[in-house]
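Visitor: Below is a structure I'd like to ask you about.
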Amino acid sequence: MKALDLSILQRHNFKHTDFIVSDTAREKGIDNNVYCPDVLANLNRTADKAQEVRSFLGCPVVPSSFYRCLTLNRAVDSGDTSQHLKGQAGDITCPKFGTPEEIFYALKKSGIVFDQVLMEGSWIHFSIREEGKNRNQFAFYELNSKGKREFKILN
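For this note's numbering, add 14 to where a residue sits in the sequence shown, where the first one is 1.
Structure follows, in structure tokens:
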């Protein structure tokens, strides 16, 4: 099977390869190319959202993970229901804007529609779904009294 052409993912502030790049994939020799047209369509919408976030923040956004094939997703210990698998999620930082916490609260006030925005420690995870299905859920993880991560929804 031949990988799909990703050139439609090129944005003003992002290269098309930003949406499939992965240090883990490179280190472990995992093919993280896109082969499914539905995933590419989702990734195209996610690229639009990434550009919207970048434009809102006004500073370079550093992508760490967008699309992940199943092998890569499992290699980073993520669940098989992750929106990364569908091309509907991205993990980013924006050091020139501020901390992940500052980015999180800025995005919460921005009016930009998301499915989820999660503060995951040293990065921000955002996801989208197709039009009309987004929850606009903002949440973060905290350690409970037993040292386990708990999901805390703010809205």
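Ideal Cβ placement from N, Cα and C applies to all residues, glycine included.
How should V76 be labelled, buried or exposed, when 16 other C-beta atoms within 10 angstroms of its C-beta is the threshold for buried?
Guide: Around the beta carbon of V76, fewer than 16 other beta carbons sit within 10 angstroms, so the residue counts as exposed.
Visitor: State the CB to CB distance for the pair L86 and N58, rounded to an integer number of angstroms; the pair is presumed to be in contact (CB under 8 Å).
Guide: Rounded, the Cβ-Cβ distance is 20 Å, inconsistent with contact.
Visitor: Here's a check: name, in chain order, each residue in its chain whose Cβ is nearer than 8 Å to the Cβ of F111, leaving out the five neighbours to either side.
Guide: L71, G72, C73, I117 and A120
Visitor: Across which residues does DSSP place H30 in a beta bridge pair?
Guide: Its beta-bridge partners do not exist; DSSP assigns none.
Visitor: For T107, does the three-state DSSP call read helix, strand or coil?
Guide: strand
Visitor: Contact check, F152 vs N169 under 8 Å by CB: the rounded distance?
Guide: Correct: roughly 6 Å between the Cβ atoms.
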